Structures are given as C-alpha cells and as structure tokens.
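Trainee: Following this note's numbering from start to finish, the sequence shown increments by one per residue and tops out at 112.
Built from N, CA and C at the ideal position, the CB exists for glycine as well.
Computed from a predicted structure; not experimentally measured.
Below you'll find the structure I mean.
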Amino acid sequence: MSAELKNLIRIGKVSTVNAANGTVRVVFPDKDDSVSGELPVLRLGGTLAMPSVGDNAVCLFLGNGLRAGFFLGTYGSGNSGEVKIDGDLLVNGDVTINGTLHGGGVGP
C-alpha cells in the first residue's frame, strides 16, 4: 500500500461516541495514540448504527491529517454485537431474530 493511501485509510479503536451528533473519535496506537477529530459515522441505508467505545475502527481521512474524515465502520472482534438506533426504525419485509428479543411493548 502506498504511503499516501496508508494515511488516508486508517485502522484504530473508537475512543469516544457522541450519539447526539452521530460522531466518534478514534485513537490510533500506531500513531503514538493520536486521536482523531469528531468523525461523522457513515450511514448505511439511512440507518445510523453507532459503535461502542473500544470497537475496532476503519476511518477514511481527507488527506490533511486526522482532523477531517469519516468513520466507515467496525470489524472483527471487539464489537459489542449490538446495533443502537436513535429514533424510528422502519423495516419493509421479513425480520429474523436468532436469540432472545428484549425490550418494551408494541407501539400504536
């Protein structure tokens, strides 16, 4: 991988989560524990799935350091396995749940 590309795509760990703004900060152990600026979390299919602190992180930067870029997602172990949705969720189609469904009642 070229040095230019290596600095655009970075792997780290989620250090803080700001669910209200849909952003995270990521720490990069290979960069002397440098911490990114507030990175917007990429929405997939209109759904904002916020990671947890400590999750593995894949980030894309705009070429001007660690201040401006995007949090693309998580991978592998270290993920909580939970999807957190702030707001409404509309599902068109079938839903399959493997495991136990926890939560409140059914809305109107």
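Taking the Cβ atom as the reference point for each residue, do Cys-63 and Val-30 lie within a distance shorter than 7 angstroms?
Mentor: Sequence index remark: in the sequence shown, residue 63 carries index 59 (1-based). Sequence index remark: in the sequence shown, residue 30 carries index 26 (1-based). The answer is yes: Cβ separation under 7 angstroms.
Trainee: Just how far apart, CA to CA, sit Ser-38 and Phe-32?
Mentor: For the purposes of this step, residue 38 is taken as the residue at position 34 of the sequence shown. For the purposes of this step, residue 32 is taken as the residue at position 28 of the sequence shown. The alpha-carbon atoms of Ser-38 and Phe-32 are separated by roughly 5 angstroms.
Trainee: So which of Ala-23, Asn-68, Asn-102 has the shortest CA-CA distance to Pro-55?
Mentor: As a first step, residue 55 must be located in the sequence shown, where it is residue number 51. It is Ala-23 whose Cα lies nearest to the Cα of Pro-55.
Trainee: Going by alpha carbons, who is nearest to Asn-11 out of Val-21, Asn-25, Val-28, Lys-35?
Mentor: Here residue 11 is taken as the residue at index 7 of the sequence shown, counted from 1. Measuring from the Cα of Asn-11, the nearest candidate turns out to be Lys-35.
Trainee: To which residues of the same chain is Asn-83 closer than 8 angstroms at the C-beta, ignoring the five residues directly before and after it?
Mentor: Here the question's residue 83 lines up with position 79 in the sequence shown. Note that Asn-83 has pLDDT 45, beneath the 50 cutoff, so the model's placement of it is unreliable and no number is given.
Trainee: Closest to Gly-16 by C-alpha separation, out of Ala-53, Ile-101, Gly-50, Leu-76, would be which residue?
Mentor: As a first step, residue 16 must be located in the sequence shown, where it is residue number 12. Ranking the options by Cα distance to Gly-16, first place goes to Leu-76.
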